[in-house]
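Residues 0 to 171 in numbering that gives the first Met the number 0 are what the sequence shown lists, from first letter to last.
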Amino acid sequence: MLLAWAHLAGLVRTDGPWLGPGRDAARLREDPGALRDVLFAAVLRLEDSRCGWQSVRLHLEGSVDFSAGLAALWRRLGIGSLTEEEAARTVWEELTARHRVEERQSAGLTTWRVVVARDVARALALFEAVGAVRVEDGRIALTGYSRGRALSGVRDAAVDPRGLGAVLVHWP
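Okay, structure coming up:
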């Protein structure tokens with residue numbers, strides 16, 4: 000996960016099975032504020048490409064990207080703090096607003112609601128790592144850094160996170 004996040008932020012690049020510094024790595028190393036900003040922006044692209052929601056979408060026609068759920072969560076956090084359970088419910092409701100999900104899930108699998116809750120927790124951990132959210136007494140709130148920032152939900156077509164699979168196979 001960390002390697003994929005660094006790849007999406009432009010800190011590392013892949014060249015076949017090799018991993019090297021990204022084109023922006025030197026500049027970002029010298030500017031911690033810019034590094035924080037690109038890591039913040041990369042969270043959405045990472046979660047949208049790596050989360051379990053992608054497998055759920057295969058069963059739901061016209062389903063929205065996971066990043067749309069995170070954008071809804073961001074708007075809700077702008078109103079006030081949430082517990083992790085409330086955050087997961089906010090994303091779940093955004094993602095499944097047009098579907099009757101429980102009727103379409105195969106029996107015996109991890110429930111899709113659990114998959115979404117896990118992915119929300121991962122995204123929140125990444126946002127916490129860059130100082131965009133803070134957790135106090137079990138409640139998640141936006142920080143001063145993140146107030147006024149909007150999550151765009153726009154994917155970066157130039158970065159294909161699936162290409163990291165080859166690197167991870169050869170990783171020592």
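The beta-carbon is built from N, C-alpha and C at its ideal position, and this holds for glycine as well.
No experiment lies behind these values; they were computed from the predicted model shown.
- Restricting attention to beta strand (DSSP E) runs no shorter than 3 residues, the stretch 5-39 encloses them at 11-14, 17-20, ordered along the chain.
- For Glu135, the three-state secondary structure derived from DSSP is strand.
- With contacts defined as CB atoms closer than 8 Å, Gly51 and Val114 qualify as a contacting pair.
- Under DSSP, Ala140 shares a beta bridge with Arg133.
- With respect to the 8 Å criterion, Leu43 and Ala24 are not classified as neighbours on the basis of their beta carbons.
- In the structure shown, Leu59 falls within a coil segment according to DSSP collapsed to helix, strand and coil.
- Not a single unbroken stretch of the beta strand (DSSP E) spanning 3 or more residues falls wholly within the stretch 61-98.
- For Val115, the enclosing alpha helix (DSSP H) stretches over residues 111-128.
- The stretch 65-84 makes contact with the stretch 136-149, as at least three CB pairs between them are under 8 Å.
- Excluding five sequence positions before and after Gly130, the CB atoms of its chain that fall closer than 6 Å to its own CB belong to Thr142, Tyr144, given in chain order.
- Assigned with DSSP and collapsed to three states, Arg146 falls in coil, not helix or strand.
- DSSP, reduced to helix, strand and coil, places Val100 outside both helices and strands of the structure shown, so it counts as coil.
- Between His98 and Leu59 a beta carbon distance of about 5 Å is seen, short of the 8 Å cut, so the two are scored as contacting.
- Residue environment analysis places Gly15 among the exposed positions, since fewer than 16 neighbouring C-beta atoms fall within 10 angstroms of its C-beta.
- With contacts defined as CB atoms closer than 8 Å, Leu69 and Ala122 qualify as a contacting pair.
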